[in-house]
Amino acid sequence: MNKGNYNMCCSKFSKTGLILLMCLFIKVSFAQNVSSDDLLKQAVRETNVNKNYPKAIQLAKRGLAISPGYLDIRLLLGRLYLLTNRNTQAEVELNKVLSLKPNQKDALNYLVNLSYQQKNLAKSIGYANQYLKYFATDKAMEIKRVAMLYELTDYSSGDMAWRNLSKKYPNDGAIKNLYIDAHLAAGQNYRKQNELNKAIEEYEKVLALQPDHLECLETLYNLNIQAGNNEQALIYSSLLEHSGDMNITMSKADLLRTMKRYDQAQAIAENLRKNNPNNQKAEVLYKDILYSKAKDQLQKKDSLNAYRSYQKILTFYPADTFSRNQLINLSLANGERNNAIKYINEGIQYYDDPQSIQLKKLSITQNQGDKSMAYQLSKSLLNKYPQNESIRSINHDLFILTRQNRIGLSYGITAFDQQGRKPWNLYSAYYMRTEKGGSLIARVNYADRNDARGYQFEVESYPIHNTGYSYINLAYSNAIIFPKFKFAYSYFLPFNQSWEAEMGVRFLNSYLNYYSVTAGLGKYFGNFWLNGKTFVMPNGKQIANSYILSGRYFINDSTDDYFTAIAGYGFSPDDRGRNFEIKERLNLESIRFTLGYQRTLWKRNILGIFGTWNNQEYIPGKKRNEFDAQISFQHKF
């Protein structure tokens, strides 16, 4: 073979080989594509038909090994990872799909759902935004995105997205409900956190979209009450009343009660009672309104209207002992004791424990001053309740207090530090009778002094008037050691509960006539009584003055039991031990102090012990000390 033929032959073989290699490459490549598709088909069948997810994953992986860029196989693999809960691997594969094809719809959808399941709302919303970038008209994804924004509590962004969505689909009820449900949920969350004003805002958004939303109206009503927005709550209650729910009307009346708009509340409650005569709740509400109204009137010192309110309660509910007690107390406060007793008598049968109200009646009767009637009542109660020690004790005390008769004896001695002067002795016996209108005393005095003896006869009275009481004393004696005639009168006027004023006159006849006027003022300080008194007595061209300051401490509730202390200056016409030497003492200086103690013994006996020191000027410039000691005994019967 020559060289030219050889070269030609080599060239021919080279071309033939190249063609064969190209054919082989095309055949291999074709074989590969067919294999990936075949594997994809097998993987889809194992996934959808046989539900053999592990095998399907193996087939998908083999397909990707042959064709790494085969998006359908990679998308299927991502789905298979989701089905087998291998979420991290699923996310990796699906993101590989998106890296090659950002608008792959299924991959985006899978990632939206996967992130949501993982509670990564922000990431899920990001995938949803990417999805809607390419598929802006996908209504379902738009709804899902708005729902996730609300769930993320990004209400501002959610509302903005919802508004855009509702503009596109203005008649879609599901979209409307999405907004309502979101803000209802928001309101509930704020309520749990006790952020009432924020909760109100959320529910108001719902109401703006759906004005007839009953649940929302009821919630706004209650929230505004909790927040103290009572006026706004009343607006919602009026809207709710159209529903015909009686409970709403009752709640409105109760709200008006708390707002102290009692007349409006009362009108509503009266209408409820009228239309629902057997409804216990309506009765309780009506009574509560009247209670609150009366209580508020009492706090405002409006006792007259409070009295009327409690009267109204008692008109409808005569067995209401609380209102009856209030009427009794108000009657007592106004000084209407008979009215208080009337309420007690009319309602005794309604009290679970009638003994307590009977005791109150007994106390009122005592305070009326009619001790005889109080004693008869205590006697009757003791027969009913013989085991009640309180009634027994009161009955015993009243027995003593109703003893209208009293006899007494007293003895006083006056000693002197002046040489040659004998002691004075003064004996007294008396009888006292007490009646409702006052007291009357008859007294006989016998004295042995200045080497003379004699008797004095006295009549003394304490008549009671409407506004006060009087003191009257008349005395006669034919002995030189007593004034021949004595007359005394004073009028006592109590005022301001603890004060007492006195104005009076005195007349003494002892050879000469002596006239004087007196004025005094006293006051109670708890158990203490303090009294100041002055006498003014003309004596020729001179005026004699005397002053007395006395105090008593009452040991108990009885006026018979006390300690006393008295300080005096000058001649006093009321001083029984010294009111006969008038001329010798009238214009001379005298200073005296008295201490005394008197106490009830064995309920019916009274013992008194008194002592006085008197520093007396008997001639100008010369003084002597006079010492008095007195003991007295009284017996009640």
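Residue 199 is where the sequence shown starts when you use my numbering, and the numbers rise one by one after that. Glycine included, every Cβ here is placed at the ideal spot set by N, Cα and C.
Span of the beta strand (DSSP E) around residue i
| i | result |
| --- | --- |
| Asn729 | 726–737 |
| Ser441 | Premise fails: Ser441 is in no beta strand (DSSP E) and is neither H nor E. |
| Leu823 | Per the sequence presented here, residue 823 reads as Asn, with Leu not at that position. That run of the beta strand (DSSP E) goes 820–834. |
| Trp697 | 697–708 |
| Ala254 | No beta strand (DSSP E) holds Ala254; the alpha helix (DSSP H) holding it covers 251–264. |
| Gly749 | 740–752 |
| Gly606 | 603–614 |
| Asn307 | Unbroken run through Asn307 is the alpha helix (DSSP H), 303–315; no beta strand (DSSP E). |
Proximal residues to residue i (C-beta, below 6 Å), its chain only, five neighbours per side dropped
| i | result |
| --- | --- |
| Asp379 | none |
| Ile487 | Arg455, Ala463, Gln464, Ala467 |
| Ala229 | Summary for Ala229: the model assigns pLDDT 41, below 50, so the residue's position carries little reliability, and this model does not support an answer. |
| Phe808 | Gly794, Gln828 |
| Ala763 | Gly749, Leu793 |
| Tyr816 | Arg822 |
| Ser227 | The predicted position of Ser227 is uncertain, since its pLDDT is 41 and thus under 50; no value can be drawn from it. |
| Tyr401 | Gly385, Cys414, Thr417, Leu418 |
| Arg783 | Phe769 |
| Arg837 | The chain is shown only over 199 to 835; residue 837 falls outside these bounds and no answer can be derived. |
Proximity winner among the options, relative to residue i (alpha-carbon distances)
| i | options | result |
| --- | --- | --- |
| Tyr548 | Ala384, Asn537, Asn523 | Asn523 |
| Lys834 | Asp595, Lys620, Gly766, Leu257 | Asp595 |
| Tyr460 | Phe733, Gly442, Tyr484 | Tyr484 |
| Ser756 | Val247, Tyr669, Ile804, Lys731 | Ile804 |
| Tyr505 | Pro516, Asn527, Ala517 | Asn527 |
| Met339 | Leu415, Ser322, Pro516, Gly738 | Ser322 |
| Gln814 | Asp615, Arg631, Asn327, Arg260 | Asp615 |
| Pro692 | Gly666, Ala645, Ala451 | Gly666 |
| Asp452 | Ser714, Ala383, Ser708, Val482 | Val482 |
Check whether residue i and residue j have beta carbons under 8 Å apart
| i | j | result |
| --- | --- | --- |
| Lys491 | Ser507 | yes |
| Trp360 | Tyr377 | yes |
| Gly267 | Ala305 | no |
| Gly606 | Phe831 | yes |
| Tyr329 | Asn307 | yes |
| Asn643 | Leu672 | no |
| Gln497 | Asn503 | no |
| Pro661 | Gly702 | no |
| Arg802 | Gly766 | no |
| Ser529 | Ala517 | no |
For residue i, the three-state DSSP class (helix, strand or coil)
| i | result |
| --- | --- |
| Met448 | helix |
| Arg343 | helix |
| Met837 | Since the first residue shown for the chain is 199 and the last is 835, residue 837 is missing from the structure and cannot be characterised. |
| Ile639 | strand |
| Asn543 | helix |
| Glu633 | strand |
| Gly533 | coil |
| Ala425 | coil |
| Ala288 | helix |
| Leu407 | helix |
| Ile679 | coil |
| Thr282 | coil |
| Ile817 | strand |
| Tyr644 | strand |
| Gln796 | strand |
| Leu412 | helix |
| Tyr628 | strand |
| Gly267 | coil |
| Tyr329 | helix |
| Glu658 | strand |
Contacting residues, own chain, Cβ-Cβ under 8 Å from residue i (five flanking each side not counted)
| i | result |
| --- | --- |
| Lys374 | Ser364, Leu407, Gln408 |
| Asp370 | Ser364 |
| Lys510 | Leu488 |
Own chain residues within Cβ distance below 7 Å of residue i, not counting five before or after
| i | result |
| --- | --- |
| Gly356 | Val344, Leu347, Tyr348, Ala380 |
| Gln287 | Tyr279 |
| Gly768 | Ala742, Asn743, Ser744, Tyr745, Ser788 |
| Ala254 | Ala241, Glu244, Thr245, Leu278 |
| Tyr751 | Asn725, Phe726, Tyr760, Phe761 |
| Arg590 | Leu580 |
| Ala613 | Pro621, Phe825 |
| Ser209 | Since pLDDT at Ser209 reaches only 46, below the 50 mark, its modelled position is unreliable, and no value is offered. |
| Asn737 | Leu784, Asn785 |
Boundaries of the alpha helix (DSSP H) in which residue i is found, first to last residue
| i | result |
| --- | --- |
| Tyr508 | 501–514 |
| Val247 | Run containing Val247: none; DSSP gives neither H nor E here. |
| Gln495 | 478–497 |
| Ala359 | 353–366 |
| Gln556 | 552–565 |
| Ser756 | No alpha helix (DSSP H) holds Ser756; DSSP gives it neither H nor E. |
| Ala334 | From DSSP, Ala334 is part of no alpha helix (DSSP H); its letter is neither H nor E. |
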